[in-house]
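In the UniProt record's numbering, the protein residues as written are 1 to 184. All C-beta atoms in this analysis are idealised placements derived from N, C-alpha and C, irrespective of residue type, glycine included. No experiment lies behind these values; they were computed from the predicted model shown. Report on one structure; see the data block that follows.
Encoded structure:
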């Protein structure tokens, strides 16, 4: 069975556009619904040929012209080829199709695994970034505390120096006074 060029899987309920390209009806419906704002003129996903999704009411068309009115999006009924028919593709094409289908499945699985790994990596990176931010904030806080303590230490040293000067001057005046009494 042919494959849809949108989902790359086998055609499920195939529909045909006026340009002749065939897609799954669900894939085409998703492509039509993805267009915002809603419009009745759309373009083929493969060749970009315009087509309309407006249906024509047969009651409005004269009887003699009705056989010539065909909807733009038509359901297609594909027959499965039998293994004994002359139109079956050669063995190499079947092998290649099987290989490509298996590769497609493998790539989808690997894509899912890599997506999960990327999510884990992103979460770990986000955790490290948050940890680094917290460490930086803590370091800044500690620096501010250190600066404040250094200021307080400088103030206390000045007070101590002032007190020492006062005590030394009192001691000198007391020493001079006591020496002066001792010499009298």
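Residue i versus residue j: straight-line alpha-carbon distance, rounded
i: residue 45; j: residue 138; result: 56 Å
i: residue 99; j: residue 4; result: 17 Å
i: residue 102; j: residue 77; result: 26 Å
i: residue 39; j: residue 117; result: 40 Å
i: residue 115; j: residue 122; result: 10 Å
i: residue 63; j: residue 70; result: 14 Å
i: residue 167; j: residue 181; result: 21 Å
i: residue 13; j: residue 58; result: 24 Å
i: residue 185; j: residue 142; result: Residue 185 is absent from the structure shown; the chain starts at 1 and stops at 184.
i: residue 130; j: residue 7; result: 40 Å
i: residue 42; j: residue 96; result: 34 Å
i: residue 125; j: residue 136; result: 16 Å
i: residue 140; j: residue 164; result: 36 Å
i: residue 155; j: residue 175; result: 30 Å
i: residue 133; j: residue 120; result: 20 Å
i: residue 153; j: residue 146; result: 10 Å
i: residue 28; j: residue 106; result: 25 Å
i: residue 171; j: residue 150; result: 31 Å
i: residue 144; j: residue 157; result: 20 Å
Those residues which DSSP pairs with residue i across a bridge
i: residue 43; result: 50
i: residue 14; result: 24
i: residue 3; result: 10
i: residue 99; result: Answer is none; residue 99 lacks a bridge partner.
i: residue 218; result: It is not possible to answer for residue 218, since the shown part of the chain is limited to 1 through 184.
When the options are compared against residue i, the one with the closest alpha-carbon
i: residue 25; options: 19, 15, 32; result: 15
i: residue 50; options: 157, 172, 36, 19; result: 19
i: residue 73; options: 22, 36, 106; result: 22
i: residue 79; options: 169, 11, 176; result: 11
i: residue 2; options: 156, 94, 145; result: 94
i: residue 48; options: 170, 17, 66, 33; result: 17
i: residue 9; options: 66, 31, 90, 104; result: 104
### Message
Contact between the stretch 98-114 and the stretch 40-59 is defined here as three or more beta-carbon pairs at a separation below 8 Å; is this criterion met?
### Response
Touching, no, given that fewer than three Cβ pairs across the two stretches are closer than 8 Å.
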